[in-house]
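K.L.:
Dumping the structure here so I can ask a few things about it.
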Amino acid sequence: MLDARLRNLIDPALDRMGAGLARAGFSADAVTLAGLSFGLIAAALIAMGQPGWALLPIGASRLADGLDGAVARATRKTDFGGFLDIFSDFVFYGAVPMGFVWADPGANGAAGAFLLASFYTNGASFLGFAILAEKRRMQTSARGVKSLYFTGGLLEGTETIAFFVALCLWPGGFAPLAWGFGALCFVTAVSRVLLARKVFPPET
75 MLDARLRNLI DPALDRMGAG LARAGFSADA VTLAGLSFGL IAAALIAMGQ
125 PGWALLPIGA SRLADGLDGA VARATRKTDF GGFLDIFSDF VFYGAVPMGF
175 VWADPGANGA AGAFLLASFY TNGASFLGFA ILAEKRRMQT SARGVKSLYF
225 TGGLLEGTET IAFFVALCLW PGGFAPLAWG FGALCFVTAV SRVLLARKVF
275 PPET
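Just so we're aligned: 177 in the numbering used here is position 103 of the sequence shown, and the numbers increase by one with no gaps anywhere.
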């Protein structure tokens, strides 16, 4: 819901930083993998009972996630780069909740499973929509220049990162927060299904 507004604010700065990284010889894929590595470090810290410290690699991971596209725009965009970016995002989004489950399986297991199921469902609706949008050659840059068609929704990347930060600041509240956020993820997925039914009507 907030991604499009946020992109307008952060893209100019990201583009300047990305151009600088490109001049220094960094590739977009390398930045993507660095972001994924930071995300996995954050998940490991959470699993070890250090969610407060996990905020640092989470921030670094999301900064890299914004910079890889800026580096690609300053050099050369590739289909594999787009694939690696979305793959890394999905791994990150799954790893952080798993960190909380591993930290306390008894207290967080059921809520974590529900949250991950909601992420899976929401991701399926997102990727399914993107596939059909590509088939119909639809384009949008509302959430930045992407390799895939990004649909909006009640919960997007900005809201998810805010949710992860809240979990790290209040790890004892993982279960109620996960149940609530997971429910909203399912609402987002259903709304995307309804949008797809409207945008992609049966062929006659």
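Even for Gly, the Cβ is constructed at its ideal location relative to N, Cα and C.
1) Among residues of its own chain, excluding the 5 on either side of Tyr167, which ones have a beta-carbon nearer than 7 angstroms to its beta-carbon?
2) What's the C-alpha gap between Ala155 and Asp142?
3) Looking only at its own chain, which residues have a Cβ that is under 8 angstroms from the Cβ of Asp89, when we skip the five neighbours before and after it?
4) In angstroms with no decimal places, state the Cα-to-Cα distance between Gly256 and Gly109.
5) Phe55: buried (16+ other C-beta within 10 angstroms of its C-beta) or exposed?
6) Along the chain, where does the alpha helix (DSSP H) containing Arg147 start, and where does it finish?
7) Would Pro131 be called buried (16 or more neighbouring beta carbons within 10 Å of its own) or exposed?
8) Span of the alpha helix (DSSP H) holding Thr262?
9) Among residues of its own chain, excluding the 5 on either side of Gly202, which ones have a beta-carbon nearer than 8 angstroms to its beta-carbon?
10) If you run the structure through DSSP and keep just helix, strand and coil, what is Gly186?
11) Rounded to whole angstroms, what is the Cα-Cα separation between Ala185 and Phe112?
12) Roughly how many angstroms separate the alpha carbons of Gly66 and Val105, rounded to a whole number?
13) Taking the alpha-carbon positions, what's the Phe200 to Ala263 distance?
14) Whose C-alpha, out of Leu241, Trp127, Pro171, Lys209, is nearest the C-alpha of Val273?
15) Beta-carbon within less than 8 angstroms of Gly246's beta-carbon, same chain only, minus the 5 sequence neighbours each way: which residues are those?
16) Count the other C-beta atoms from every protein chain shown that fall within 10 angstroms of the C-beta of Leu251, then say buried if there are 16 or more, exposed otherwise.
17) Just to confirm before moving on: does the CB-CB distance between Ile115 and Phe174 stay below 8 angstroms?
18) Flag this pair as yes or no: are the beta carbons of Phe242 and Leu129 separated by less than 8 angstroms?
19) With a cut-off of 8 angstroms on the beta carbons, I'd call Val170 and Ala117 a contact; round off their distance for me.
20) Can you give the beta carbon distance from Gly140 to Ile84, rounded, assuming they're within the 8 angstroms contact cut?
21) Measuring alpha carbon to alpha carbon, tell me which residue in Phe260, Thr232, Ala191 is nearest Arg136.
P.N.:
According to the structure data:
1) Stepping through the sequence shown from its first residue, residue 167 is reached at position 93. Phe193, Thr234, listed in sequence order.
2) Reading the sequence shown from its first residue, position 81 is the one you call residue 155. Reading the sequence shown from its first residue, position 68 is the one you call residue 142. Note that residue 155 is Gly in the sequence shown, not Ala. Answer to the nearest angstrom: the Cα atoms are 9 angstroms apart.
3) Here residue 89 is taken as the residue at index 15 of the sequence shown, counted from 1. Closer than 8 angstroms at Cβ, skipping near neighbours: Ala144, Arg147, Ala148.
4) In the sequence shown, the residue the question calls residue 256 occupies position 182. In the sequence shown, the residue the question calls residue 109 occupies position 35. Between Gly256 and Gly109, the C-alpha separation is close to 24 angstroms.
5) Since the displayed the chain opens at 75 and closes at 278, residue 55 lies outside it and no answer follows.
6) Counting from one through the sequence shown, the residue named residue 147 turns up at place 73. Taken as a continuous stretch (DSSP letters only), the alpha helix (DSSP H) holding Arg147 covers 125–148.
7) Position 57 of the sequence shown, counting from 1, holds the residue named residue 131. Its Cβ being crowded by 16 or more others within 10 Å, Pro131 is buried.
8) As a first step, residue 262 is located in the sequence shown; it is residue number 188 there, counting from the start. Where Thr262 is concerned, the enclosing alpha helix (DSSP H) stretches over 248–273.
9) As a working mapping, residue 202 is identified with position 128 in the sequence shown. Same-chain partners within the cutoff: Ala270.
10) Along the sequence shown, one-based indexing puts residue 186 at 112. Of the three classes helix, strand and coil, the one that applies to Gly186 here is helix, per DSSP.
11) Taking the first residue of the sequence shown as 1, we reach residue 185 at position 111. Taking the first residue of the sequence shown as 1, we reach residue 112 at position 38. Rounded to whole angstroms, Ala185 to Phe112 spans 24 angstroms at the Cα level.
12) Any property of residue 66 remains undetermined from this structure, which presents the chain solely from 75 to 278.
13) If you number the sequence shown from 1, residue 200 lands on position 126. If you number the sequence shown from 1, residue 263 lands on position 189. The straight-line gap from Cα to Cα measures roughly 8 angstroms.
14) Along the sequence shown, one-based indexing puts residue 273 at 199. Taking only the C-alpha atoms, the option nearest Val273 is Lys209.
15) Taking the first residue of the sequence shown as 1, we reach residue 246 at position 172. Excluding residues within five positions, none has a Cβ falling inside 8 angstroms.
16) To locate residue 251, count along the sequence shown from 1; it is residue 177. Per the 10 Å Cβ criterion, buried.
17) Position 41 of the sequence shown, counted from the first residue, corresponds to residue 115. Position 100 of the sequence shown, counted from the first residue, corresponds to residue 174. The answer is no: Cβ separation not under 8 angstroms.
18) Working through the sequence shown from its first residue, we reach residue 242 at position 168. Working through the sequence shown from its first residue, we reach residue 129 at position 55. It should be pointed out that residue 242 corresponds to Cys in this sequence rather than to Phe. Yes, Cβ-Cβ distance for Cys242 and Leu129 is below 8 angstroms.
19) As a position in the sequence shown, residue 170 is number 96, starting the count at 1. As a position in the sequence shown, residue 117 is number 43, starting the count at 1. Contact flag correct, Cβ pair sits at about 5 angstroms.
20) The residue labelled residue 140 in the question sits at position 66 within the sequence shown. The residue labelled residue 84 in the question sits at position 10 within the sequence shown. Indeed they touch by this definition, with Cβ atoms about 7 angstroms apart.
21) Along the sequence shown, one-based indexing puts residue 136 at 62. Arg136 has its Cα closest to that of Thr232, out of Phe260, Thr232, Ala191.
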